[in-house]
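Below is one structure, written out as structure tokens, with a few remarks after it.
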Amino acid sequence: IIAGGFNIYPNEVEEVLYQHPTVMEAAVIGVPDERRGEVVKAFVIPREGQSITEEELRTWCKSEMRAYMVPRHIEFRSELPKTMVGKILRRELKDEEMKKISQATN
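See the structure below:
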């Protein structure tokens, strides 16, 4: 992910997200942004029986990582696309986002 000239590695952001007590799973991708080129979007599955808001998680991230790495968008889900062996398919998430953007501009 290249946001505003900064290289952001999805694994680094995901590592921080996984440290939050309510986060069970997370995946991070870059989504297009007019000003910055790309911005960070996180997909998060909260732990069962726990909840957190996008703003609470973003505020927590701001205290744990550099500002340019903090996810601009956070989407909560019940599951993430995975391979047969359980690896998260970031490419599928990226494709979904590009489809949403394409539909929004048409």
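In our numbering, the protein residues as written are 243 to 348. Each residue gets a CB set at the ideal place from its N, CA and C atoms; glycine is no exception.
Measuring CA to CA, which of the options is closest to residue i?
i	options	result
I250	R314, S320, A346	R314
V258	V281, F248, M311, I244	M311
E306	Y260, V286, T347, E276	Y260
S320	V255, G291, K341	G291
To the nearest angstrom, how far is it from the Cα of residue i to the Cα of residue j?
i	j	result
S239	K329	In this structure the chain extends from 243 to 348, so residue 239 is not present and cannot be described.
S344	V281	17 Å
I316	T325	22 Å
C303	E297	10 Å
F346	M340	Position check: residue 346 holds Ala in this sequence, whereas Phe was assumed. Distance between the alpha carbons of A346 and M340: 10 Å.
Taking all protein chains shown into account, do 16 or more other C-beta atoms lie within 10 angstroms of the C-beta of residue i, making it buried, or fewer, making it exposed?
i	result
G246	exposed
G272	buried
I244	exposed
A309	exposed
Check the DSSP bridge columns for residue i and list the partner residues they point to.
i	result
G279	D275
I244	N249
E267	I287
I294	None, per the DSSP bridge assignment.
K324	I330
Is the beta carbon of residue j closer than 9 Å to that of residue i?
i	j	result
L322	E276	no
V265	R300	no
A284	E256	yes
V350	R332	Limits of the chain in this structure are 243 at one end and 348 at the other, which puts residue 350 out of reach.
F248	I287	no
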